[in-house]
Amino acid sequence: KRSINFNWEVEINMIEQYLNGLEIKKDELTAIERDKLLSEGKEVDRIMCCLDTGETLAPMINTTLKEYYHSSEKMCQLEEYIYETFHSDGAGVSCTLRGMAEAMGAKGKYSDYNVAQIEEHALTLDQAEHAKLVDVDKDGRLPIILKGVELVKAKLGDKVPVSATV
């Protein structure tokens, strides 16, 4: 048998201090100002916190993941929800690895409440060296994703840094 010394009184006291004494300072800077200062190597009021949830929070805006994947407007709506609800210091849209695979010719499989999966590969490892270049304006869901980024930038770009990831 192993004995663990645990003092509930100390733990409860710490929890009470946390609940009653936690001071959350008001932001001195906006996310845009904070980002600019950080990029210049200057001090800021706090560390930036950006939620990168991707499609996984789509149900929070009463949208299935399948709808989200195919709607620039839903992508923007979700980023706006995240900003307003959680006060994220950034916003953005990702094409995901599956999105890039689709742009290369893979076939995606979509479910309402699960992340997309690759149903059929675009090429084998032996063919990779000769793969075609992806056209971001035409291939797969990339045009939807780029439009989503544009919408997010128009909606939130004056409040937070907006990014896109591949």
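Numbering (my numbering), first residue to last: -4 to 161. We put the beta carbon where it would ideally sit given N, CA and C, even for glycine.
Consult DSSP for residue i and reduce its assignment to one of helix, strand or coil.
i	result
A159	strand
E4	helix
A86	strand
G49	helix
I113	strand
K20	coil
G94	helix
R(-3)	With a pLDDT of 49 at R(-3), under the threshold of 50, the modelled position of that residue is not reliable, and the figure given next carries that caveat. It is coil, neither helix nor strand.
K104	strand
I42	coil
M70	helix
D30	helix
Between the Cα of residue i and the Cα atoms of the options, which residue gives the shortest distance?
i	options	result
V39	D134, F81, K21, E50	K21
K104	K61, D121, V155	K61
S89	T51, E114, L128, I42	T51
V147	S106, I77, W3	I77
E74	G143, D153, I113	G143
L123	A96, A159, L141	Here the sequence assigns Ala to residue 123, which means Leu is not the residue at that position. Nearest of A96, A159, L141 to A123, Cα basis: A96.
I140	A117, N15, S158, K154	S158
G49	T91, E145, E115, K154	T91
S66	V161, T160, E79, E145	E145
K31	G85, N57, H116, I19	G85
S83	K154, T160, N57	K154
Just the Cα atoms here: how many angstroms apart are residue i and residue j?
i	j	result
K(-4)	G135	Because the pLDDT of K(-4) is 49, which lies under 50, any placement of that residue in the model is unreliable, and the number read from its coordinates should be weighed accordingly. Cα to Cα, K(-4) sits roughly 59 Å from G135.
V131	R93	14 Å
C45	Q12	27 Å
G36	L24	15 Å
M55	Y63	11 Å
D107	N8	45 Å
I10	E68	42 Å
D121	D47	34 Å
R29	M43	7 Å
R41	A53	28 Å
G152	G87	10 Å
T59	N109	9 Å
E6	F81	28 Å
Am I right that residue i and residue j are in contact with their C-beta atoms under 8 Å? What's the rounded C-beta distance?
i	j	result
P138	I27	About 28 Å separates the two Cβ atoms, so there is no contact after all.
C71	K150	6 Å
I113	A98	12 Å between Cβ atoms; not a contact.
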